[in-house]
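Peer 1:
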Amino acid sequence: MEALQLMESDVVVAIGPQSSGIAHVISHVVNELHVPLLSFGATDPTLSSMQYPYFLRTTPSDHFQMYAIADIVDYYGWREVIAIFVDDDYGRSGISVLGDALAKKRAKISYKAAFSPGDTESKINDLLVEVNLMESRVYVVHVNPDTGLNIFSVANALNMMGSGYVWIATDWLPSYLDSKDAVDSNTMNILQGVIALRHYTPDTDLKKSFMSKWNNLKYKGSAGHAGFNSYALYAYDSVWLAAHALDVFLNEGGNLSFSYDPKLHDTNGSMLHLASLRVFNGGEQLLQTLLRMNFTGVSGQIQFDPDKHLVHPAYDVLNIVGTGTRRIGYWSNYSHLSVVPPETLYTKPPNISTGSQHLYSVIWPGDTTSTPRGWVFPNNGQPLRIAVPNRVGYKEFASKDKSPQGVRGYCIDVFEAAISLLPYAVPRTYMLYGDGKRNPSYNELVSRVAQNVYDAAVGDITIVTNRTKIVDFTQPYMESGLVVVALVKEAKSNPWAFLKPFTAEMWFVTALFFLFVGAVVWILEHRINSEFRGPPRRQLITVCWFSFSTMFFSHRENTVSSLGRMVLIIWLFVVLIINSSYTASLTSILTVQQLTSGIQGIDSLISSTEPIGIQDGSFAFNYLVDELNIAQSRIVKLKNPEAYLRALKLGPKKGGVAAIVDELPYVELFLSNTNCLYRIVGPEFTKSGWGFLSLSFMVSGFPKGLPSCS
């Protein structure tokens, strides 16, 4: 009320307030009066919207602080946090931004624990008892200093400040500690292991000089704690910002004139005289002058970006240990987490890759240096609801069972083996998915997990792109890929089988080379070697006989010239290779059973118009239709291996299929019982696998954002 009454006098610029709630109210007034409002303490992110054009924040917005917390959560691998906050504009807006920031890191706020300003310790106790029953052990505390310490005091009484807990406080906590000349030891003992963020202000000579002058004024030259926090530095710079801007405004010909607004009228019974409020005519010009100011203050560089934020927002990341705080790193909007001061990084290209994020070691609650897991099984929690496909075919992988567990199969065995290696119990209930009359749709199963109908799914679930967009998968526990299976027939024996090792072109080229080598040797020998002389008819027969007899190394003619012998040696080596290749191929043809198929692989299937069989519920349907552009009318869904056999035996002309496209594990199991009547034709044309997901243990289908480890 006092602030609004102050606006009745002619005001050209206002500084303050410290509260975000009051800033919301004042901002509406200054908008009407065209008076710039410089706030060094209102950090509510919603105050930066277009709704308040005359509001100018001279301290970093909580928007950046929440993204810093999200980076810390991601750095330590946590996936869920519980937000404890004061239920007002300041608290709600900050936590809303935190939720958005965590979502970008594939994490989330699992529970929002809000309390009203002024709540008693009894209500805070009830709130903390409730959150202590939950799964997450990572708490983000975004409150006001007057109630914040009560939260930690109650948490300590509930043994929530011990090993396994993580407490992250926003800048309210360092601001409170920095503003005190001395904090009592009991308070510091309660806060041991807490991580907190504090506005980063560079240690410039200007800042050191200011702190020295303040100490001289407060302590009369004796040494002592400065007794002010970062907000005091921003307040000091806000005054200088207003002074510099007014000086530039006046030098540029600005006029301090005011006019009445006919829309403002007094109301009966109100202590405010709205009719006396006057609009500052130069407000827009002064606002633009403020926005282009650029100078170095005690808090750092004072300059605004196009969104009216201070440039280079940064925070100290603190760990409260012993009797004070220990800086474990920095966060900046430029390069995120780092152990190097932000101003050093501004001279280098920005780097926010995962490998570039660093913090020093932390001493966590319970005086431990081991990073807390960040979650436990909730005391009031229910067993995990794990869906298992109720398969009709290939029940060896996953199916219904009469045992107390209710399910069985290879995939279940792998999952149970992984569970047995964990150092803690995992309560779980297996729930069959599907009616048992046909294989369930695995895409629908994954969607049910993403919708939190089930907590997980264990089975022969293939890792494909569209599924990884809504759930988390670990590394594959079994390799898989699509292959083509077709009927094969034994090739009939052929009396001309001895010609099959070489193609017709190869036979022609080989015969040509025999004649060519014979002709070359004759040219080199007939002048000096009597065996290559005589009538033309005799010489032609000699050349042909000599050439083809080298195939069996039975040539009788001697070579005399050195060049002739060299040619003959090279040629005999080539003949040796040809003979060996021919012998090996012919042996294979005559001894190995030859199986043939009209389908050579996926390419021949695509080019044909014959029906193709797939397993009911498989992702192969979408892959063939969407990726390979095969008509849906060609695809036949088959329930089990028996249906595979019938369809392949009938063939495409009798209502069956030409081939079956399925995943390799199913195909290998199918072929093991077919007596070599069918086989895989062509190469495996996709690469994927069956995956498990993790909630610090291996399962196959957790919604994105749940705590996980690989």
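Numbering (this note's numbering), first residue to last: 848 to 1557.
Backbone N, C-alpha and C define an ideal beta-carbon position, used for all residues, glycine too.
By alpha-carbon positions, which one of Ile919, Gln1298, Tyr1301, Phe1320 ends up nearest to Ile1308?
Peer 2: If we check each option's Cα against that of Ile1308, Phe1320 comes out closest.
Peer 1: State the Cα-Cα distance for the pair Ile1370 and Thr1350, rounded to the nearest angstrom.
Peer 2: When rounded, the distance between both Cα atoms is 31 Å.
Peer 1: Per DSSP, Lys1247 is paired with what?
Peer 2: Per DSSP, Val1254.
Peer 1: In angstroms with no decimal places, state the Cα-to-Cα distance between Gln1039 and Gly1009.
Peer 2: Distance between the alpha carbons of Gln1039 and Gly1009 is about 9 Å.
Peer 1: I'd like the ranges of any alpha helix (DSSP H) spanning at least 4 consecutive residues and lying wholly in the segment 1251-1304.
Peer 2: Within the segment 1251-1304, the complete alpha helix (DSSP H) runs of at least 4 residues are 1257-1267, 1289-1297.
Peer 1: Would you check if the distance between the CB atom of Val987 and the CB atom of Ile1037 is smaller than 8 Å?
Peer 2: Taking 8 Å as the Cβ cut-off, Val987 and Ile1037 do not qualify as a contacting pair.
Peer 1: From Ala1092, Val928, Glu1352, Phe1517, pick the residue whose C-alpha is nearest to that of Val1331; which is it?
Peer 2: The shortest Cα separation from Val1331 among Ala1092, Val928, Glu1352, Phe1517 belongs to Phe1517.
Peer 1: Report the rounded CA-to-CA distance for Thr1434 versus Arg1412, giving the unit in angstroms.
Peer 2: Rounded to the nearest angstrom, the two C-alpha atoms are 33 Å apart.
Peer 1: Quick check: the segment 1451-1460 against the segment 1489-1500, are at least 3 beta-carbon pairs closer than 8 Å?
Peer 2: Because the criterion of three Cβ pairs below 8 Å is met, the segment 1489-1500 and the segment 1451-1460 touch.
Peer 1: Taking just the CA atoms, how far does Gly1281 sit from Val1296?
Peer 2: Going by the C-alpha atoms only, they are around 14 Å apart.
Peer 1: Considering only the alpha carbon of each residue, which of Asp1031, Ala1002, Leu1080 lies closest to Pro1022?
Peer 2: According to the sequence provided, residue 1022 is Ser. The question's Pro does not apply to it. Closest by alpha carbon: Leu1080.
Peer 1: Could you please give me the residues that DSSP links to His875 through a beta bridge?
Peer 2: According to DSSP, which records beta bridges pairwise, His875 is partnered with nothing at all.
Peer 1: Sort Glu1489, Phe1363, Ile916, Leu1485 by Cα distance to Gly946 and report the nearest one.
Peer 2: Among Glu1489, Phe1363, Ile916, Leu1485, the Cα nearest to that of Gly946 is on Ile916.
Peer 1: In this structure, how does DSSP classify Gln1322 when only helix, strand and coil are distinguished?
Peer 2: Here Gln1322 sits in coil by DSSP.
Peer 1: Let me make sure I understand the geometry here. Which of Val1293, Met1140, Lys1060 has the alpha-carbon closest to that of Leu903?
Peer 2: Comparing Cα-Cα distances from Leu903 to each of Val1293, Met1140, Lys1060, the minimum goes to Met1140.
Peer 1: Have a look at Val1407 and Arg1374 and give me their C-alpha separation to the nearest angstrom.
Peer 2: Val1407 and Arg1374: Cα-Cα distance of roughly 10 Å.
Peer 1: Out of curiosity, what's the CA-to-CA distance linking Ser963 and Ile971?
Peer 2: If I take the Cα positions, the gap works out to 10 Å.
Peer 1: Look at the alpha carbon of Ile1310 and the alpha carbon of Leu1192, and state the distance between them as a whole number of angstroms.
Peer 2: Spanning the two alpha carbons is a distance of roughly 40 Å.
Peer 1: How long is the line joining the alpha carbons of Pro1212 and Val1095, rounded to whole angstroms?
Peer 2: Going by the C-alpha atoms only, they are around 52 Å apart.
Peer 1: Flag this pair as touching only if the segment 1313-1329 and the segment 1523-1537 have three or more C-beta atom pairs under 8 Å; answer yes or no.
Peer 2: At 8 Å Cβ cutoff, the stretches touch.
Peer 1: For Ile919, name the three-state secondary structure that DSSP assigns.
Peer 2: Of the three classes helix, strand and coil, the one that applies to Ile919 here is helix, per DSSP.
Peer 1: If you follow the alpha helix (DSSP H) that Lys1534 is in, where does it begin and where does it stop?
Peer 2: No alpha helix (DSSP H) holds Lys1534; DSSP gives it neither H nor E.
Peer 1: Find the nearest neighbour of Leu1452 within the set Gly1253, Thr1430, Asn1476, judged by alpha-carbon distance.
Peer 2: Nearest of Gly1253, Thr1430, Asn1476 to Leu1452, Cα basis: Asn1476.
Peer 1: Assuming contact is defined by CB atoms lying nearer than 8 Å, are His1205 and Leu1184 in contact in what I supplied?
Peer 2: For His1205 and Leu1184, yes; Cβs fall inside 8 Å.
Peer 1: Which partner residues of Phe1151 appear in the DSSP bridge assignment?
Peer 2: According to DSSP, Phe1151 bridges with Leu1157.
Peer 1: What is the rounded straight-line gap between the Cα of Leu1064 and the Cα of Met1058?
Peer 2: Taking the straight line joining both Cα atoms gives about 10 Å.
Peer 1: If we ignore side chains and look at the alpha-carbon of each, how far apart do Ala1506 and Ser1294 end up?
Peer 2: Roughly 30 Å between the two C-alpha positions.
Peer 1: Taking 8 Å as the cut-off, decide whether the C-beta atoms of Thr1170 and Met1278 are in contact.
Peer 2: It is not a contact, given that the beta carbons lie outside the stated cut-off.
Peer 1: Which residue's Cα is closest to the Cα of Ile942: Thr890, Thr1048, Ser1428?
Peer 2: When only C-alpha atoms are compared, the closest one is Thr890.
Peer 1: Tell whether a beta-carbon distance below 8 Å holds between Arg1285 and Val1239.
Peer 2: Contact flag set, yes.
Peer 1: What residues match up with Gly1176 in a beta bridge as DSSP calls it?
Peer 2: Note: Gly1176 sits in a beta bridge opposite Val1164.
Peer 1: Give the single residue among Lys959, Val1126, Pro1189, Asp1163 whose Cα lies nearest to the Cα of Gln1148.
Peer 2: For Gln1148, the nearest C-alpha among the options comes from Pro1189.
Peer 1: Any idea which residues DSSP pairs Thr1309 with across the strands?
Peer 2: In the DSSP output, where bridge partners are listed per residue, Thr1309 has Trp1537.
Peer 1: With three or more beta-carbon pairs closer than 8 Å as the criterion, would you say the segment 857-874 touches the segment 933-942?
Peer 2: Yes: at least three Cβ pairs fall under 8 Å.
Peer 1: What are the start and end residues of the beta strand (DSSP E) that includes Ser886?
Peer 2: Residues 884-886.
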